[in-house]
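All residue numbers for the sequence shown refer to the UniProt record's numbering, where the first residue is 1 and numbers rise by one. Where is the CB? At the ideal position from N, CA and C, for every residue including glycine. Predicted, not measured: the structure shown is a model, and the values here were computed from it.
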Amino acid sequence: MSADKSEPLSGYLDKKGKIGIYTKKWATLQGSEFRLFRDDTLNAKELTLNVQETTKIQMESIDSCKFSIETEGSTEPLYFRAPSTESLLQWIHALRSCTYTHQSLTIESFKVLSVLGRGNYGKVMLAEKIDSGELFAIKSVHKKRLALAGKVHTMLSERNTLINASNPFIVKLFYAFQNATKFYLVLEYVPGGEMFNYMSTNGAVPLEDARIYAAEIVTALHFLHQNDIIYRDLKPENILLAQDGHIKLTDFGFAKDLSQSEVTKTFCGTNEYLAPEVISRVNYGPAVDWWTLGILLYEMLFQTTPFFHQNTSRMFTRILMDPVVFPKGADPDVCSLITGLLQKRDRKRYAYEDIIKHPFFNGIDWDKVLTKSYVPSYKPPIKSKKDVSNFDQEFTAEPAMDSVGSVAPTPIQRIADFSYVASLACPPQIN
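Here's what the structure looks like:
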């Protein structure tokens with residue numbers, strides 16, 4: 001990954017003096033040259049420094065709007081305070097872009113702290129960026145395994161989807177890079193772990209929390225559908241819980257871009273969550289995501305999926321033929337919503353407008369959902385910013401390292417234009 005030189009940037013910053021007092025200065029960044037002036041007349045220049053690969057740009061915290069610049073050989077960093085969070089992130093991104101001008105990001109740019117999860121083609125690791133101390137979740141995927149399974153396109157699809165997925169309930173992609181054996185996606189670290197682990201430990205989700213989770217998922221899915229993307233893999237394992245208790249969708253390997261075609265017929269997803277049209281191998285569209293929402297809501301509240309059977313063939317028959325059966329005493333609005341979501345024929349199934357107007361969501365202001373104004377009662381216990389106790393011990397007990405990969409077929413050893421750096425590459429801070 002190489003970033004171009006920073007675009008010109010200027011504005012007022014407070015600079016910390018020797019006795020700790022902040023004084024307002026006018027700052028400019030042109031190319032890789034950072035300058036400080038007494039004011040915006042530019043008449044009295046007080047400082048000039050060149051931002052290089054070795055320059056360290058550190059953010060103290062997003063709330064304080066403070067950051068520091070430390071050049072190689074300097075005795076101490078220079079400390080600054082931006083006037084707003086937006087300004088802080090602009091300066092951090094612009095300054096760090098200068099450090100990437102001649103530098104490629106690799107897995108050696110990170111210190112692996114723990115394994116968080118594992119799949120057929122790779123694993124997810126908690127890692128610390130060595131030059132900044134920031135924490136990320138890195139998804140590393142073996143190219144050779146993907147190639148043998150004919151699934152290289154899934155990694156490219158996930159990358160492309162996440163680049164454009166600017167939504168509070170979708171995990172953020174900060175960087176993407178590759179080597180001859182692996183693809184790497186550097187993602188926002190969500191420390192509360194999977195919804196699956198929460199449900200396994202705590203049992204059924206309280207009704208009010210389920211309402212909030214469902215509203216946030218509806219918001220995320222609607223955002224994807226508006227951008228011609230179907231998710232196709234909603235399940236508890238792919239829902240992460242953030243420090244504040246809100247959800248984040250992750251794992252977009254099955255996401256499908258429908259911008260060139262309104263339907264697809266690929267057989268993919270998780271068996272218990274497959275919609276009838278997927279099992280029947282007919283064309284399908286965004287309605288499959290609303291089916292999976294119905295399955296998920298049922299599982300959150302009743303601790304099982306509605307059509308489960310140990311025999312996959314029989315389970316598929318149930319999905320295609322059987323009505324939904326609810327436990328005695330189930331909330332009528334819950335039953336009504338899930339029944340509408342689990343209509344066998346996709347044209348009769350609830351869509352976005354039906355869902356947001358349903359009595360189950362009475363009292364929900366959907367604009368407030370977007371601003372996270374509704375807070376679930378459960379907040380994941382997090383002991384420190386590097387705490388991984390909310391993830392499965394089966395994975396966190398593994399050696400904290402990136403494994404050696406087998407050499408991939410020559411055509412995919414270097415995929416053009418895979419590398420990426422987010423425009424505001426600063427992850428949220430974990431307390």
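Buried or exposed by the 16-neighbour rule on C-beta atoms within 10 Å, applied to residue i
{"i": "Ile-130", "result": "exposed"}
{"i": "Gly-253", "result": "buried"}
{"i": "Leu-13", "result": "buried"}
{"i": "Thr-75", "result": "exposed"}
{"i": "Ser-261", "result": "Summary for Ser-261: the model assigns pLDDT 48, below 50, so the residue's position carries little reliability; its value from the coordinates is reported in the next sentence. Result: exposed."}
{"i": "Ala-416", "result": "exposed"}
{"i": "Gly-117", "result": "buried"}
{"i": "Thr-410", "result": "exposed"}
{"i": "His-102", "result": "Residue confidence is low: His-102 scores 44 on pLDDT, short of 50, so the model does not pin down where it sits. No coordinate-derived value is stated."}
{"i": "Asp-365", "result": "exposed"}
{"i": "Asp-4", "result": "In this predicted model, Asp-4 has a pLDDT of only 40, less than 50, meaning its place in the structure is not dependable; the value taken from the coordinates is given anyway. It is exposed - the Cβ of Asp-4 has fewer than 16 other Cβ atoms within 10 Å."}
{"i": "Gly-150", "result": "exposed"}
{"i": "Glu-299", "result": "buried"}
{"i": "Ile-19", "result": "exposed"}
{"i": "Val-421", "result": "buried"}
Candidates the options, of which the one nearest residue i by Cα
{"i": "Leu-95", "options": "Thr-48, Ser-32, Glu-277, Asn-43", "result": "Ser-32"}
{"i": "Gln-30", "options": "Thr-371, Asp-251, Val-51, Gly-17", "result": "Val-51"}
{"i": "Ser-200", "options": "Gln-303, Ile-107, Gly-294", "result": "Gln-303"}
{"i": "Thr-305", "options": "Asp-289, Phe-326, Gln-393", "result": "Phe-326"}
{"i": "Lys-368", "options": "Ala-147, Tyr-175, Glu-216, Glu-60", "result": "Glu-216"}
{"i": "Ala-275", "options": "Phe-307, Asp-417, Pro-8, Val-334", "result": "Phe-307"}
{"i": "Ala-330", "options": "Asn-271, Asn-167, Glu-134, Leu-207", "result": "Leu-207"}
{"i": "Ser-157", "options": "Ile-57, Lys-256, Cys-335, Trp-366", "result": "Lys-256"}
{"i": "Asp-333", "options": "Ser-132, Ile-92, Ile-355", "result": "Ile-355"}
{"i": "Glu-134", "options": "Thr-396, Arg-314, Gln-58, Ile-364", "result": "Gln-58"}
{"i": "Tyr-352", "options": "Thr-371, Glu-394, Ala-214, His-309", "result": "Ala-214"}
{"i": "Pro-359", "options": "Ser-419, Met-195, Ser-403, Leu-337", "result": "Leu-337"}
{"i": "Thr-181", "options": "Gln-413, Pro-323, Val-421, Lys-348", "result": "Gln-413"}
{"i": "Arg-47", "options": "Tyr-298, Phe-34, Lys-56", "result": "First, the amino acid is wrong: residue 47 is Leu here, not Arg. The shortest Cα separation from Leu-47 among Tyr-298, Phe-34, Lys-56 belongs to Phe-34."}
{"i": "Phe-177", "options": "Arg-281, Ile-170, Arg-159", "result": "Arg-159"}
{"i": "Thr-71", "options": "Val-124, Trp-91, Asp-63, Thr-99", "result": "Thr-99"}
{"i": "His-225", "options": "His-93, Ala-165, Lys-66, Phe-361", "result": "Ala-165"}
{"i": "Glu-108", "options": "Ala-204, Met-300, Thr-54, Glu-128", "result": "Glu-128"}
{"i": "Asp-228", "options": "Thr-161, Thr-396, Leu-296", "result": "Thr-161"}
{"i": "Ile-382", "options": "Arg-232, Gln-243, Ser-403, Lys-328", "result": "Gln-243"}
{"i": "Leu-42", "options": "Asn-202, Val-115, Lys-25, Glu-53", "result": "Lys-25"}
{"i": "Glu-188", "options": "Phe-169, Tyr-198, Phe-196, Asn-197", "result": "Phe-169"}
{"i": "Asp-40", "options": "Thr-371, Gly-20, Leu-9", "result": "Leu-9"}
{"i": "Gly-122", "options": "Tyr-420, Phe-395, Val-421", "result": "Phe-395"}
{"i": "Phe-361", "options": "Ser-377, Arg-349, Cys-335", "result": "Cys-335"}
{"i": "Leu-221", "options": "Gly-245, Trp-290, Phe-67, Lys-45", "result": "Trp-290"}
{"i": "Thr-292", "options": "Gln-343, Ala-397, Arg-314", "result": "Gln-343"}
{"i": "Met-195", "options": "Tyr-350, Phe-316, His-246", "result": "His-246"}
Beta-bridge partners of residue i, as assigned by DSSP
{"i": "Asn-22", "result": "One point to set straight first is that residue 22 is Tyr, not Asn, in the sequence displayed. Its beta-bridge partners are Lys-16."}
{"i": "Met-122", "result": "Note on residue identity: the sequence assigns Gly, not Met, to residue 122. Val-141."}
{"i": "Tyr-273", "result": "Its beta-bridge partners do not exist; DSSP assigns none."}
{"i": "Thr-28", "result": "Ser-10, Arg-35"}
{"i": "Leu-337", "result": "Leu-337 is not bridged to any residue."}
{"i": "Phe-183", "result": "Val-141, Gln-178"}
9 Å Cβ cutoff met for residue i and residue j
{"i": "Lys-15", "j": "Leu-36", "result": "yes"}
{"i": "Asn-390", "j": "Gly-119", "result": "no"}
{"i": "Gly-405", "j": "His-153", "result": "no"}
{"i": "Lys-248", "j": "Leu-241", "result": "yes"}
{"i": "Phe-110", "j": "Phe-136", "result": "yes"}
{"i": "Val-186", "j": "Leu-126", "result": "no"}
{"i": "Ala-27", "j": "Gly-17", "result": "no"}
{"i": "Thr-250", "j": "Asn-238", "result": "yes"}
{"i": "Gly-294", "j": "Leu-341", "result": "yes"}
{"i": "Ile-163", "j": "Val-375", "result": "no"}
{"i": "Phe-223", "j": "Asn-311", "result": "no"}
{"i": "Asp-387", "j": "Pro-77", "result": "no"}
{"i": "Leu-301", "j": "Val-407", "result": "no"}
{"i": "Thr-85", "j": "Ile-62", "result": "yes"}
{"i": "Val-288", "j": "Glu-277", "result": "yes"}
{"i": "Ser-140", "j": "Asp-346", "result": "no"}
For residue i, the first and last residue of its enclosing alpha helix (DSSP H)
{"i": "Ser-157", "result": "152-163"}
{"i": "Leu-342", "result": "Careful: Leu-342 lies outside any alpha helix (DSSP H) and carries neither H nor E."}
{"i": "Phe-316", "result": "312-321"}
{"i": "Arg-211", "result": "207-226"}
{"i": "Tyr-298", "result": "287-302"}
{"i": "Phe-395", "result": "393-396"}
{"i": "Val-369", "result": "366-370"}
Residue i: first and last residue of the uninterrupted beta strand (DSSP E) it sits in
{"i": "Ile-138", "result": "135-142"}
{"i": "Gln-58", "result": "56-61"}
{"i": "Lys-45", "result": "45-50"}
{"i": "Lys-66", "result": "66-70"}
{"i": "Tyr-284", "result": "Counting along the chain, Tyr-284 falls outside any beta strand (DSSP E), and DSSP gives it neither H nor E."}
{"i": "Thr-81", "result": "According to the sequence provided, residue 81 is Arg. The question's Thr does not apply to it. First-last of the beta strand (DSSP E) with Arg-81: 78-81."}
{"i": "Lys-248", "result": "247-249"}
{"i": "Leu-105", "result": "Segment: none, Leu-105 is in no beta strand (DSSP E) and carries neither H nor E."}
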